[in-house]
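J.:
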Amino acid sequence: MPRGVATPEPRQQLFAALERVIADGGPGRLTSRAVTRAAGVATGLLYAHFANFEVFLADYAVDRAFQLAGEVAGLPGRAGTGTVTENLTEALLATPPDTLTALTRLLACRPELATSVHTVLGEGTAGLAAIEHTVADYLAAEQRLGRVPSDVDTEALALTAVSVLHHVALTGETSTTDARIRRAVTALTRRFPAVAPS
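Under the UniProt record's numbering, the first residue of the sequence shown is numbered 1, with each subsequent residue one higher.
(1) By how many angstroms is the C-alpha of V135 removed from the C-alpha of D153?
(2) How long is the line joining the alpha carbons of R11 and R180, rounded to whole angstroms?
(3) For A129 and V164, I'd like the C-alpha separation in whole angstroms.
(4) Whose C-beta lies closer than 6 Å to the C-beta of A169 among residues of the same chain, with five residues either side of it excluded?
(5) Pair every Cβ in the stretch 83–99 with every Cβ in the stretch 61–74, then say whether three or more of these pairs are closer than 8 Å.
(6) Measuring only the C-alpha atoms, how far is H49 from L57?
(7) Where residue 281 and F53 are concerned, what is the direct C-alpha to C-alpha distance, given to the nearest angstrom?
(8) So, at 8 Å on beta carbons, what are the nonlocal neighbours of S150 in its own chain, with the 5 sequence-adjacent residues on each side left out?
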């Protein structure tokens, strides 16, 4: 990039580049040079915004964990509307696939980054944990309304639903992601009534 030309939102540009590097070669290919090359910027730009590469990775993990949690934050408020299957499917599909894949693979490779996320966002927020908690809250709300059977373990079901996301992210079959998630959620919720029993 020519000198004197401002880089718009450089932190987000570098985070997006990190996701492309992971998508192309996996987290083992992550270096500051690989990220800045993917971003099309000089290597110095990364160090102008982050103290070092480890800080960059930690800040990425915090930023994306917060983003993923925000994508599903409104799910409990949908209790009693639509169907449980539709609501749960839409919430899981709202997670950006590139971010979901990159963050899941990065934390699998560098689990110590979860500590950075917990320090900033609180316990139970790293990776897909916040999504799991939100889904559990939603299912519990639907259970109170009678739209999830009383004998269903809502926390276990939330873990199972989020495990589908985790598996899809790790296997990287992005071309069939939507269909696989829809099919899995439909199977998990097939016993659930569309409306509360009268």
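Yeah, the Cβ is synthetic: ideal placement off N, Cα and C, and Gly gets one too. These numbers come from a predicted model, not from an experiment.
T.: Taking the coordinates as given:
(1) 12 Å
(2) 32 Å
(3) 13 Å
(4) L100, T101 and T104
(5) yes
(6) 12 Å
(7) Because the chain is modelled from 1 through 198, residue 281 falls outside the range shown and cannot be assessed.
(8) Q143
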